[in-house]
Each structure stands twice: as structure tokens, then as C-alpha cells.
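> Have a look at this one.
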Amino acid sequence: MEDEIDGETEVNVCVAVRCRPMSGKEVMEGSHVIVEFPAAQQVVLTSKKEKHQYAFDHIFAIDSHQEQVYTALGVPLLDKAFEGYNSTIFAYGQTGSGKTH
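Count the sequence shown with my numbering and you get residues 1 to 101, in order.
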């Protein structure tokens, strides 16, 4: 949701997704990558030959690095926190999927 206050656009909620590479176990089991990134803010998942499209404010592909995520998401939130605003980063994902990296 975006609001305009004093000529500035304010974003209240920002949703980002970071896709991890397949694990060694997944590769050994013959699993296949089911995620595609056809546009800057779009993810397509293919499951059982069906494609499902999703849109996000930020997308970090399989080859992304932690520094990219921090620069895009962490730095702006820290800046706002130091200005006195509340900020939260909520990481959601399966146990062992790399949320702490």
C-alpha cells in the first residue's frame, strides 16, 4: 500500500522473495528447478505442468547474494528506524531453508 504524504510516496508494506538454489540432496535425487523469473517483479512456479504466476515488490533470484538483499531491504529500513519509524523484516520459510544467511 502506498500513500503520498507531503509530496513523498510512503510504502507501508513491501513483499520480497528470495529463491534459494537446490540443495545437494535435491540435485542427487534428480529434482528440477521449477522457478522462473520472466520479469523484474514476477516469479513463475511450474508444478505438475501447471504454471503459477506471482508478483512481488522485490525478487532475488537463485544467484542472488546476501549483500543484494541487505542493500535493497535492510538499508532503507535501518534508515527509517534511525529516523524514529518502526521497521520489521519478517523472514518466513521452511526450517533449514536458509533464512538466517
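Just so it is clear, CB atoms sit at the ideal spot from N, CA and C, and this is done for glycine as well. Keep in mind the model is a prediction, meaning the values are calculated, not measured.
For a test of the three-state rule: what should DSSP assign to Tyr-70, helix, strand or coil?
DSSP places Tyr-70 in helix when its eight states are reduced to three.
> Just reading off the alpha helix (DSSP H) that Lys-25 is part of, what are its end residues?
Note, Lys-25: alpha helix (DSSP H), 24-28.
> Sort Leu-77, Ala-55, Phe-82, Arg-18 by Cα distance to Thr-88 and report the nearest one.
Considering only alpha carbons, the answer is Leu-77.
> Roughly how many whole angstroms lie between the Cα atoms of Val-17 and Phe-82?
Those two C-alpha atoms are separated by around 25 Å.
> Per the DSSP calculation, Glu-50 is bridged to which residue(s)?
According to DSSP, Glu-50 bridges with Ser-47.
> Where does Ile-59 land, buried or exposed, given buried means 16+ other C-beta within 10 angstroms?
So Ile-59 ends up on the buried side.
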